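Contents: one structure, followed by commentary.
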Amino acid sequence: MSTSKNLKLVEDLVNKSQKKNEIQSVDKIASYLSRIGNHQELFKVGKEFQEEFKKGTKNFAFTSTGFKNSQQRMILGLCCYFDSVDQYRIAIVSDHLNYGVFDDLVKNSSEKTYQLAKWRDKVKYYSYQHHFDFFDFSELLRVYDEHQYTKTFDYEIKSILDYYDIVLWDVPTIEKMKLSAQFHYRISHFYEYLSVIVSPLTSSAKQVEQVKNFFANFNLNLRSILFETNSAVEKPKRAKILGF
Amino acid sequence: MEKFNQLLDETTILNFQLLAKLANRYRIHLSVCLVSFLSLFLFKYYSQPIIFSVSVPFKVVAKHTVSTDFTTLMPTENTSSVTISELSVAFSSYSFVKSLASSIAQDPDFEKLNFGTLAKGNKNTGATIKANCKLVPDCVVDNLTAVLGGFYSVEQGLTESRYVLNVSATDAFTVQHFVFHLTKMIDRNRIESKQYLLTKEIDSITKLMTESRMYLKKMNGFEVLDENERTSLSIHDLKERMRNIQANINSEHSNIALLEAKAAQNKFSVNRMVASDRAAKINTKVFQTKIDEIRQNISSILIVPENLRTPTDRAILSEMQVQLKALEKKFPPDNIYRDIELDDAFAETQRGVVRTLEFELGVARSRKKKMEESYEISKIELERLQKNKMETDNLINKLKADLEFLKNLESKQMSLKLLSSTMTSDLAFEDFSKGVSEYRRSSVGKIFLFSFITMFAIYFLSLVLRFLIDDRIYSEDDLKSHFGKLDFLGEIPRFE
């Protein structure tokens with residue numbers, strides 16, 4: 230009885246949120262921007278990335294010590310910033326399009342495809358009201374898996390990315406990257422500017438060092454650090470000491 | 267090293283701002299330390315044993331000693347020779363503690379006494395010690411010697427010559443026994459230590475005396491002294507004797523003179539009495555005959571009755587009565603015969619006296635003569651003795667310094683022996699009936715302070731240690747310390 234009741238409650242909540250989203254889908258970007266609590270920080274960080282963009286960097290990758298949601302919020306914040314600054318063509322590549330922050334936008338996006346130049350294959354993506362295009366790592370992985378023995382994977386990906394002014398990479402967790410290390414190695418060549426997000430109280434220098442070393446193996450250097458100050462962020466579980 | 271440098275500051279040595287930040291960051295440390303502080307405080311205070319203590323005040327009384335100056339052989343006073351350090355060393359010396367242990371081991375209540383240490387407050391009774399030593403007395407004393415030192419101490423009192431003996435134990439019964447034995451042993455120790463010095467002095471003096479005597483013996487000093495003494499005595503006796511002889515001679519001389527005078531007088535009297543007695547006797551007899559005749563005539567007349575008497579008779583009678591009265595007046599009727607009888611005996615006696623006097627006179631003269639001879643002999647002897655004494659006196663003068671030295675040594679030895687036999691302790695214990703006080707080894711304040719300092723130090727060290735080993739990123743500064751080369755761009759957007 231209690232399980233069915235709970236399910237009913239969850240369904241009600243989902244319906245309510247969908248209705249709410251429909252109401253707010255008029256201008257989601259502005260809505261997100263208005264909901265940001267620390268505008269000054271966003272503009273400060275946005276300016277830094279804009280400076281890098283002006284220097285010619287277009288691929289910004291974001292990794293963290295386990296804060297996927299923070300990565301997505303940072304990417305979304307930057308999208309909002311760049312979107313407000315100019316009419317940039319922005320691509321977002323993530324492995325969590327259907328979860329977290331991007332979920333709402335992706336659901337309201339229209340599914341489109343790119344025809345690959347040398348192959349007859351297509352790459353699926355989600356376009357949100359001409360603001361951003363969402364690519365799923367799994368789609369790229371699928372393409373890589375199907376054509377891994379060819380030499381034109383990088384070329385095909387590059388030809389897609391060339392459509393955009395700015396590409397924001399929501400880098401998967403290290404554990405996930407290790408599962409398909411070759412693919413990520415190939416993809417990582419596109420990361421021009423790698424930032425790591427750390428959280429006070431939960432991130433340790435050792436973890437950051439691990440991330441740094443991992444990407445160093447991919448011949449990538451961390452360029453900057455971003456701070457997750459949201460106290461509501463999920464803290465990693467403490468390691469057991471003497472079994473407690 | 268980077269983190270360690272962060273803890274230091276150029277001006278304040280320690281970076282107090284960072285420490286405050288660490289205190290705020292690791293608040294759990296403060297909570298744990300506060301709980302630990304309270305636990306430590308309570309544990310330290312209540313885990314320490316209750317100590318029973320008695321304070322025995324004592325003072326240094328005027329101490330007698332013997333002057334090294336031979337001219338003043340009487341003991342003198344010395345009050346400033348005892349110090350707290352000397353007392354502490356003396357009362358903690360192995361010999362003292364061992365003698366104290368021996369004394370306590372002989373206590374009838376020894377088995378009930380508790381020798382547990384004050385710090386731990388454990389039970390270690392005399393019975394246990396005896397059992398461990400299997401009743402071997404030396405083992406018991408050795409075990410006691412090892413533990414007794416911690417039960418008492420000496421402190422300076424309010425004045426220079428006053429001290430306090432603090433005796434402590436883990437029960438009141440034991441502490442009272444300790445006090446009894448300690449005071450007894452301290453008295454004995456003080457006397458023995460002083461007697462030891464005197465014994466040493468007596469030994470050295472005896473040695474000096476032996477050397478001095480040997481020298482004098484070598485020089486025949488003692489014989490000369492003896493001879494001089496004998497001569498002096500002889501001279502004295504002889505002089506006394508001569509005085510007596512002289513007195514006797516003088517007395518005898520007077521006696522002889524008296525006897526001679528008496529004898530001469532008696533002789534003269536006897537001779538004269540013999541002559542006069544004869545004439546007197548004849549006269550007396552004549553008058554007596556005449557008196558008798560007159561009486562007969564008177565009687566014959568009186569026989570005739572008065573009326574028959576003729577006037578002639580009456581006239582003759584009257585005349586004869588007058589005549590009789592005159593004669594009786596001249597020669598009383600009672601003495602007439604006796605004088606006559608006595609005169610002869612007296613004369614004979616007087617002659618005997620004369621003979622005796624003459625004999626005595628002869629004896630006295632003879633005696634006087636003998637005494638005069640004896641006096642002359644004594645005079646010669648006296649001269650000889652005086653000559654001898656003069657010779658020995660000369661010899662004694664030569665040995666005078668050595669003899670004087672020996673004499674002084676003898677006096678000093680006697681004085682020291684007297685002092686040694688009458689020696690008393692120079693420490694006087696005052697009234698210690700204040701009773702046994704109870705306390706814990708450390709006061710509340712002391713343990714509070716100790717616990718606080720300990721916990722504060724641990725808290726500080728734990729903060730520093732955790733800071734050093736904690737690699738969590740709390741702030742931009744931490745990031746810079748770990749990844750100085752990376753750019754810190756800022757915070758990520760926070761949706762509300």
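Heads up: the protein sequence lines correspond to chains A and B, in order.
Per our numbering, the first sequence starts with residue 230, numbered consecutively.
Per our numbering, the second sequence starts with residue 267, numbered consecutively.
Beta carbons: idealized from backbone N, C-alpha and C, even for Gly.
Quick caveat, the model's predicted, so the values are computed rather than measured.
Asked, Found
"Rounded C-alpha distance that separates Glu572 (chain B) from Glu585 (chain B)", "16 Å"
"Where the alpha helix (DSSP H) containing Tyr462 (chain B) begins and where it ends", "Ala438 to Lys484"
"DSSP state of Asn549 (chain B) mapped onto helix, strand, coil", "helix"
"Distance, Phe597 (chain B) Cα to Arg561 (chain B) Cα", "14 Å"
"Counterpart residues of Leu397 (chain A) in DSSP-defined beta bridges", "A:Phe289 and A:Ile321"
"The region 717–729 of chain B in contact with the region 288–297 of chain B per 3-pair CB rule at 8 Å", "yes"
"Interface residues of the region 376–409 of chain B facing chain A [CB-CB below 9 Å]", "none"
"Bridge partners - Gln531 (chain B), DSSP secondary structure assignment", "Note: Gln531 (chain B) sits in no beta bridge, so no partner."
"Three-state secondary structure assigned by DSSP to Ser433 (chain A)", "strand"
"Inter-stretch contact (C-beta, 8 Å, three-pair minimum) for the region 730–739 of chain B and the region 300–320 of chain B", "no"
"Within chain A, partners of Tyr740 (chain B) - CB distance below 8 Å", "Pro429 and Leu430"
"Lys405 (chain A), enclosing alpha helix (DSSP H) - first and last residue", "Ile403 to Leu408"
"Proximity of Val327 (chain B) and Asp692 (chain B) at Cβ, strictly below 8 Å", "yes"
"Rounded straight-line distance, which links the Cα of Lys297 (chain A) to that of Phe366 (chain A)", "14 Å"
"Proximity below 8 Å, CB of Tyr343 (chain A) to CB of Asp394 (chain A)", "no"
"Contacts of Val274 (chain A) in chain B (Cβ-Cβ under 9 Å)", "Leu755, Gly756, Glu757, Ile758 and Pro759"
"Rounded straight-line distance, which links the Cα of Asp350 (chain A) to that of Tyr378 (chain A)", "15 Å"
"Opening and closing residue of the alpha helix (DSSP H) in which Thr342 (chain A) lies", "First-last for Thr342 (chain A): Ser339 to Gln344, but that is the beta strand (DSSP E), not the alpha helix (DSSP H)."
"Inter-stretch contact at 8 Å, needing at least 3 Cβ pairs: the region 514–529 of chain B / the region 627–635 of chain B", "yes"
"Cα-Cα separation between Glu280 (chain A) and Arg738 (chain B), rounded to whole angstroms", "30 Å"
"Min CB distance Asp737 (chain B) to chain A below 8 Å", "yes"
"Boundaries (first-last residue) of the beta strand (DSSP E) holding Lys351 (chain A)", "Lys351 to Tyr357"
"Whole-angstrom C-beta distance between Ser365 (chain B) and Met451 (chain B), which should lie under 8 Å", "6 Å"
"Test: Glu268 (chain B) CB closer than 8 Å to a CB of chain A", "no"
"Residue-level contact to chain B via CB, Gly337 (chain A), 8 Å cutoff", "According to the sequence shown, residue 337 (chain A) is Asn rather than Gly. Answer no: the Cβ-Cβ gap between Asn337 (chain A) and chain B never drops below 8 Å."
"Residue interval of the beta strand (DSSP E) (run including Tyr418 (chain B))", "Tyr418 to Gln422"
"Cross-strand partners of Phe694 (chain B) (DSSP beta bridge)", "The residue asked about is misnamed: residue 694 (chain B) is Ala in this sequence, not Phe. According to DSSP, which records beta bridges pairwise, Ala694 (chain B) is partnered with B:Lys325."
"Among B:Leu280, B:Glu657, B:Leu414 and B:Arg454, the one whose alpha carbon lies nearest that of Phe695 (chain B)", "B:Arg454"
"Residues bridged to Arg415 (chain A) [DSSP beta-bridge criterion]", "Bridge partners of Arg415 (chain A): none, in fact."
"Cβ-Cβ distance between Gly275 (chain A) and Tyr310 (chain A) below 8 Å", "yes"
"Proximity test, Cβ basis, 8 Å: Phe733 (chain B) and chain D", "Of the chains in the structure shown, none is chain D; the protein chains are A and B."
"For Leu339 (chain B), the three-state DSSP class (helix, strand or coil)", "The predicted position of Leu339 (chain B) is uncertain, since its pLDDT is 48 and thus under 50; a value taken from the coordinates is nonetheless stated next. The answer is coil: DSSP assigns Leu339 (chain B) none of H, G, I, E or B."
"Contacts of Gly266 (chain A) in chain B (Cβ-Cβ under 9 Å)", "Pro759, Arg760, Phe761 and Glu762"
"Same chain, Cβ closer than 7 Å to Ile713 (chain B), neighbours up to 5 away in sequence not counted", "Phe307, Lys310 and Tyr311"
"Residue nearest to Cys299 (chain B) in terms of C-alpha spacing, selected from B:Phe749, B:Ile719 and B:Glu757", "B:Ile719"
"Contact check, Leu379 (chain B) vs Thr436 (chain B), beta carbons under 8 Å", "no"
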